[in-house]
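Visitor:
In the UniProt record's numbering, the protein residues as written are 1 to 293.
1. Would you tell me roughly how many angstroms separate the C-alpha atoms of residue 147 and residue 248, rounded to the nearest one?
2. If we ignore side chains and look at the alpha-carbon of each, how far apart do residue 144 and residue 131 end up?
3. I need the straight-line Cα distance from residue 275 to residue 258, nearest angstrom please.
4. By DSSP, does residue 52 sit in helix, in strand, or in coil?
5. Skipping 5 residues on each side, what residues in its chain have a beta carbon closer than 7 Å to that of residue 175?
6. What is the DSSP secondary structure of residue 68, counted as helix, strand or coil?
7. One question on the structure: do residue 77 and residue 165 come within less than 8 Å of each other, judged by their Cβ atoms?
8. According to DSSP, is residue 259 part of a helix, a strand, or is it coil?
9. Between which residues of its own chain and residue 272 is the CB-CB distance below 8 Å, once the five residues before and five after are set aside?
10. Got a sec? Which residues, its chain only, sit under 7 Å from residue 159 by beta carbon, not counting five neighbours each side?
11. Per the DSSP calculation, residue 121 is bridged to which residue(s)?
12. Pair every Cβ in the stretch 132-139 with every Cβ in the stretch 84-99, then say whether three or more of these pairs are closer than 8 Å.
13. Can you name, in chain order, every residue of its own chain whose Cβ lies under 8 Å from the Cβ of residue 42, other than the five neighbours on each side?
14. How close, in whole Å, do the beta carbons of residue 112 and residue 52 come, if the pair is a contact with beta carbons under 8 Å?
15. As a quick exercise: from 280, 54, 100 and 251, pick the residue whose alpha carbon is nearest that of residue 151.
16. Among the residues of its own chain, which have a CB less than 8 Å from the CB of residue 32, if the five just before and after it don't count?
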């Protein structure tokens, strides 16, 4: 069963995997555990202030340093937080002009390593930029101009603002399905990943990525995403937090329990065919949501 939508291919895989309802954990426990995975972070950046000019000789102060993000492969937001626990980043101030140095020295730019796949927003949720390729750079705070005759020889302040970092996983294939359908089992069987596997729903509390390496050294990455439930596009269940990871996968593989699916006794039981139809509908709504937001 195939569904094409805006070049997004949704392929359905029916996997014979029995869903045991023993030891089922409530969704609220999943949401508590889910907070351990860091895929968004709010920080404050301050670019350098320009140096003072020297009116007597017409000297100009140095420009303040910029704050620049550099995409780093293999880095996580937890690594970032360990390096910057105060969540504050500041660039160097520009040098002042004086009698022995008419042109003040420019402040050094602050280059900050961030994970590849980061999207940066300002405090009004306006997109600043994305870093999707390793070693790509993005200026998130511009330094102020040095003091000169146009500004009364007083250096201008650099940009100071709060920004939000959102990590979107980049994978060739994304495994999508309802909780406990066998996504983690499939990922472990065909890749080098070692995800947690158990018989209760919402075992996967964060995305896992495995890599399949072939004899000709080709590599295909596969992401095991946390289980969907009906209404995920409306912020129900895992909500919008993990939907961003679907955006950058080239292919979605739907993993379905051949015995059907029922989240808990309060929810309607879905047969295998019903689950396939419902998952396609949920994925269509997710794609529509991502395109309009």
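Note that the Cβ used here is the ideal one computed from N, Cα and C, for glycine as well.
In this text the structure is predicted, and so the values were computed from the model without any measurement.
Guide: From the atom records:
1. Within the chain shown, numbered from 1, the residue matching residue 147 stands at position 147. Within the chain shown, numbered from 1, the residue matching residue 248 stands at position 248. One alpha carbon belongs to residue 147, the other to residue 248, and they sit about 44 Å apart.
2. Position 144 of the chain shown, counted from the start, is the residue given in the question as residue 144. Position 131 of the chain shown, counted from the start, is the residue given in the question as residue 131. Taking the straight line joining both Cα atoms gives about 24 Å.
3. In the chain shown, counting from the first residue as 1, residue 275 sits at position 275. In the chain shown, counting from the first residue as 1, residue 258 sits at position 258. Cα to Cα, residue 275 sits roughly 9 Å from residue 258.
4. In the chain shown, residue 52 corresponds to position 52, counting from 1. Residue state, collapsed to three classes: coil.
5. Start at 1 with the first residue of the chain shown, and residue 175 comes out as number 175. Excluding five sequence positions before and after residue 175, the CB atoms of its chain that fall closer than 7 Å to its own CB belong to 183, 186, 187, 222, 223, 224, 225, 253 and 255, given in chain order.
6. To locate residue 68, count along the chain shown from 1; it is residue 68. In the structure shown, residue 68 sits in a strand (DSSP, three-state: E or B).
7. Sequence index remark: in the chain shown, residue 77 carries index 77 (1-based). Sequence index remark: in the chain shown, residue 165 carries index 165 (1-based). Yes, the pair counts as a contact, with Cβ atoms nearer than the cut-off.
8. Residue mapping note: residue 259 aligns to position 259 of the chain shown, counting from 1. Of the three classes helix, strand and coil, the one that applies to residue 259 here is coil, per DSSP.
9. Your numbering for residue 272 matches position 272 in the chain shown. Only 14, 256, 257, 258, 259 and 260 meet the Cβ criterion.
10. For this step, residue 159 is matched to residue 159 along the chain shown. Around residue 159, the same chain offers 47, 141 and 142 as residues with beta carbons nearer than 7 Å, after the five sequence neighbours per side are excluded.
11. Taking the chain shown and counting its residues from 1, one reaches residue 121 at position 121. Checking the DSSP bridge columns, you'll see residue 121 partnered with 127 and 164.
12. The stretch 132-139 makes no contact with the stretch 84-99; the number of CB pairs closer than 8 Å stays below 3.
13. As a working note, residue 42 is residue 42 in the chain shown. Closer than 8 Å at Cβ, skipping near neighbours: 87, 162, 163, 164 and 165.
14. What you label residue 112 is simply residue 112 of the chain shown in a count that begins at 1. What you label residue 52 is simply residue 52 of the chain shown in a count that begins at 1. In this structure residue 112 is not in contact with residue 52, their Cβ atoms being roughly 27 Å apart against a cut-off of 8 Å.
15. Within the chain shown, the letter at position 151 stands for residue 151. Per the Cα distances, 54.
16. Counting from 1 along the chain shown, the entry for residue 32 is found at position 32. Summary for residue 32: the model assigns pLDDT 41, below 50, so the residue's position carries little reliability; its value from the coordinates is reported in the next sentence. Taking residue 32 as the centre and dropping the five residues before and after it, the same chain places no C-beta closer than 8 Å to its C-beta.
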